[in-house]
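When the letters of the sequence shown are read in order and numbered with my numbering, they come out as residues 45 to 297.
Encoded as C-alpha cells, the structure appears first; notes follow it.
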Amino acid sequence: TYGYKELSMPPDANGGFKLEKNALHIWPRRSFMMIALPNADGTFTCTLFWPFTGPNSFDSLKTEAEVKQFFDETFPDAVPLMPDLVKEFMENPVGPLVTVRCSPYYSGDRAVLIGDACHAVVPFYGQGMNAAFEDCTYLNQALQEKGSIAEAFKTFGDERHEHANALADLALHNFVEMRDNVGSQGFLLKKGFERILTRLFPRSFTPLYTMVSFSRIPYADARRKAAKQDRLVLQIGVILVMIFALLVFLFVR
C-alpha cells in the first residue's frame, strides 16, 4: 500500500525557480518515485510516493541520518535544492493514496453520490476535481431530461459508473507508468512515434492523455480508443522493424 509525503523546494536567491517551471519533474525509481510541481511563488511542491511499510518504505527510515543517506543515494541531484529536506521528512505526515469504488451511486429518489464520495481516485491523472465537476453536468442533464428524480438519479448513476471506474484504472496505470516507464527508451520511443502520428493524422489519432485531459470524451470511451491505437502503433512498429531488417539483409548480402 502506497502513501505520499510532501516536501518543499524553495526559490533560488533571486526568488526564481530552481528547476524549469513549465514542467512536471519526475524522479522515477521503479517501485517508487518523487515528483515536483511548480507554485506561483517560485517554490516547488515535491511529493514522494512510497510504500507505507517494508524494507524500502516510509517506515524503514527512522532517523535523520537514515533519511539523509536515502536521499543522497536515491535523489542526489535534488538534495542540494531542498535545504529543509530532512526536517520536513521527519515532521510532515504520510497521507494515503485512496481509490473509492461503489455501486449504486443513488438510493431511490432520496440521495445521490457525486465526486469523491463515490469515485475518489489517485492523483496521477489530475482528473479528480474534473470528474466531480463533470458529474454535476451529467446529473443536471439527467434532472432536466427525466420525468422523476428517481429516474434521473438512476440514469446518472448507471451512466457515470463505467466512466468513473475507467478513470480509477487509468489513474492507477499512470502511477505505474510514471514510476516505472518514463525513463525507459522503449517508452520514449513509443511516445515519440505517437507524436508523429498525431501530427500526421490529427483528426483520427489522439493520445490517451490528450483525450482524458483536454477533451470531453468520456473516460471509458477514451480508454477503448487508446487501446485500439496502441494495437495500431504496435502493428506499425512491427512492420517498420521487418522492413528495416529486410533492408539490412539486402544491404549486407
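Ideal Cβ placement from N, Cα and C applies to all residues, glycine included.
- Query: With burial defined as no fewer than 16 other Cβ atoms inside 10 Å of the residue's Cβ, what is the status of C162: buried or exposed?
  - Reply: What you label residue 162 is simply residue 118 of the sequence shown in a count that begins at 1. Classification of C162: buried, given that the 10 Å Cβ count is 16 or more.
- Identified DSSP bridge partners for L233: Position 189 of the sequence shown, counted from the first residue, corresponds to residue 233. For L233, which the question treats as bridged, DSSP gives no partner whatsoever.
- Message: Helix, strand or coil, according to DSSP, for G191 in the structure here?
- Response: Counting from 1 along the sequence shown, the entry for residue 191 is found at position 147. G191: coil per DSSP, three-state reduction.
- Message: Give me the DSSP bridge partner(s) of K112.
- Response: Indexing the sequence shown from 1 puts residue 112 at position 68. According to DSSP, which records beta bridges pairwise, K112 is partnered with nothing at all.
- Item | Burial state of C90, where buried means 16 or more other Cβ atoms lie within 10 Å | Position 46 of the sequence shown, counted from the start, is the residue given in the question as residue 90. With 16 or more other Cβ atoms within 10 Å, it is buried.
- Between R260 and A212, is the Cβ-Cβ spacing less than 8 Å? Position 216 of the sequence shown, counted from the first residue, corresponds to residue 260. Position 168 of the sequence shown, counted from the first residue, corresponds to residue 212. Cβ distance not < 8 Å, so R260 and A212 don't count as in contact.
- Task: List the residues that DSSP assigns as beta-bridge partners of I287.
- Result: Your numbering for residue 287 matches position 243 in the sequence shown. DSSP output for I287 lists no bridge partner at all.
- Item | Cross-strand partners of T89 (DSSP beta bridge) | Counted from its first residue, the sequence shown places residue 89 at position 45. Paired residues: S52, L81.
- Message: In the DSSP output, which residue or residues are listed as bridge partners for Y150?
- Response: The sequence position of residue 150 within the sequence shown is 106, counting from 1. Y150 is bridged to V156.
- Item | CA-to-CA distance, A67 to T242, given in whole angstroms | For the purposes of this step, residue 242 is taken as the residue at position 198 of the sequence shown. For the purposes of this step, residue 67 is taken as the residue at position 23 of the sequence shown. Approximately 21 Å, taken between the alpha carbons.
- Query: Would a C-beta distance cut-off of 8 Å place G236 and V138 closer than the cut-off?
  - Reply: Against the sequence shown, residue 236 aligns to sequence position 192. Against the sequence shown, residue 138 aligns to sequence position 94. In terms of Cβ geometry, G236 and V138 do not form a close pair [threshold 8 Å].
- From the DSSP output, read off the bridge partner residues of I70. Sequence index remark: in the sequence shown, residue 70 carries index 26 (1-based). In the DSSP output, where bridge partners are listed per residue, I70 has I79.
- Query: Across which residues does DSSP place Y46 in a beta bridge pair?
  - Reply: The residue labelled residue 46 in the question sits at position 2 within the sequence shown. P95.
- Query: According to the Cβ coordinates, are N184 and K49 closer than 8 Å?
  - Reply: As a first step, residue 184 is located in the sequence shown; it is residue number 140 there, counting from the start. As a first step, residue 49 is located in the sequence shown; it is residue number 5 there, counting from the start. Annotated as distal: N184 and K49, with beta-carbon spacing of 8 Å or more.
- Message: Counting beta carbon pairs with one atom in the segment 217–229 and one in the segment 164–174, are three or more of them shorter than 8 Å?
- Response: Judged by Cβ distances under 8 Å, the segment 164–174 makes contact with the segment 217–229, as three or more pairs qualify.
- What does a CB cutoff of less than 7 Å around N218 pick up in its chain, not counting 5 residues either side in sequence? Taking the sequence shown and counting its residues from 1, one reaches residue 218 at position 174. The answer, listed in chain order, is F168, Y169.
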